[in-house]
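Q: My structure is below; once you've seen it, I'll send some questions.
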Amino acid sequence: MKFYQILLLGCLLLFSTSFSIPHPIKLTSSLIQTFPKDNILGVECRVFIDDFTFSMNDTFTKNFNASNLSKEDIEGIEDYFERYYKIFINDEIYTLTYASSEVFEKHNVLSIKFSNRIPVIKEGDQICIENTLFFEDFDFLQSNRMTVRIPPFISEDYFEITSLDKPITLNL
1 MKFYQILLLG CLLLFSTSFS IPHPIKLTSS LIQTFPKDNI LGVECRVFID
51 DFTFSMNDTF TKNFNASNLS KEDIEGIEDY FERYYKIFIN DEIYTLTYAS
101 SEVFEKHNVL SIKFSNRIPV IKEGDQICIE NTLFFEDFDF LQSNRMTVRI
151 PPFISEDYFE ITSLDKPITL NL
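Take a look at the structure:
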């Protein structure tokens with residue numbers, strides 16, 4: 001009987017402390033797409049809220065609150081992505097301008113949408129994507145996954161960045 005009490009107490013202790021332990025997965029997920037009709041580059045990036053808050057606070061903004069973004073928070077997000085998420089078209093950088101965001105509290109996820117006007121994409125153009133989100137914070141534990149759609153050249157392609165080594169280069 002004492003064994004079962006100890007086992008039950010151990011399980012309760014493990015269960016109650018599991019909520020305070022950070023999640024082991026260090027991951028971002030992005031959708032990068034162009035809209036040829038309007039010459040718009042759209043990026044949607046999903047990050048874990050706790051990781052993003054940890055990385056943003058004190059450097060890019062103070063007291064970041066994903067559920068209620070202030071003007072300072074939005075400027076901090078744009079500055080953060082300008083530093084860690086770069087998209088070049090024919091060697092010219094196109095900064096990401098904040099469009100909107102959505103919080104998925106139950107999953108601890110923040111989805112951030114960006115857009116920017118771009119020139120007409122044509123055959124022979126080169127697009128380069130540097131996604132170094134969270135590598136300074138989590139090093140080899142970090143993985144950044146991207147889905148890229150650039151019609152009519154790329155209907156859908158998938159990439160994963162697991163280090164700071166090389167950007168993704170797309171020759172259209």
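What the sequence shown shows, in the UniProt record's numbering, is residues 1 to 172, in sequence order. Using N, Cα and C, we set each Cβ at its ideal position, and we do this for glycine too. Note that the structure is a prediction, hence the values are computed from the model and not measured.
Where Gly-42 and Asp-50 are concerned, what is the direct C-alpha to C-alpha distance, given to the nearest angstrom?
A: For Gly-42 and Asp-50, the distance between alpha carbons rounds to 24 Å.
Q: Would you list the residues sitting across from residue 195 in a DSSP beta bridge?
A: Because the chain spans 1 through 172 in this model, residue 195 falls outside it and cannot be assessed.
Q: Where do the N-terminal and C-terminal ends of the alpha helix (DSSP H) with Ile-25 fall, by residue?
A: Element bounds for Ile-25: n/a, residue is neither H nor E.
Q: Express the C-alpha separation of Gln-126 and Val-109 in angstroms, rounding to a whole number.
A: 32 Å
Q: Please classify Phe-64: does DSSP put it in a helix, a strand, or coil?
A: coil
Q: When burial is assigned at 16 or more other CB atoms within 10 Å of the CB, is Ser-163 buried or exposed?
A: exposed
Q: Given Phe-81, which residues of its chain have a CB within under 6 Å of its CB, disregarding the five upstream and five downstream residues?
A: Apart from the 5 residues on each side of it in sequence, Phe-81 sits with its Cβ closer than 6 Å to the Cβ of Leu-96 in its chain, given in chain order.
Q: Take Phe-135 and list the residues in its own chain whose beta-carbon comes closer than 6 Å to its own, dropping the five residues that flank it on each side.
A: Excluding sequence neighbours, Phe-135 sits near Gln-142, Leu-164.
Q: Hey, would you say Ile-93 sits closer than 7 Å to Lys-86, going by beta carbons?
A: In contact: Ile-93 and Lys-86 (Cβ atoms closer than 7 Å).
Q: Given this structure, state the Cα-to-Cα distance separating Ile-32 from Val-148, to the nearest angstrom.
A: 5 Å
Q: Indicate the three-state DSSP secondary structure (helix, strand or coil) for Glu-123 in the structure shown.
A: coil
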